[in-house]
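Working notes, structure below.
In the numbering used here, the protein residues as written are 2 to 70.
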């Protein structure tokens, strides 16, 4: 598959995983800070949502997308 990156050295593979992880942590942290600053912790008592439900839906939608791609 020529469209995918060829990580033929451990350095490239480790670097790409590190960059992805750092980006994920930074975005999650920024979103958490924004929610905390704008809505506060008290919002969690009133508007709790089930993250497992969102995760399940994301996996199902992604799987269906890949299946029919």
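Glycine included, C-beta positions come from ideal geometry on N, C-alpha and C.
When only Cα atoms are considered, residue 29 and residue 38 end up about 14 Å apart. Within the region 19-53, the complete alpha helix (DSSP H) runs of at least 4 residues fall at 43-47. It is roughly 21 Å from the alpha-carbon of residue 68 to the alpha-carbon of residue 54.
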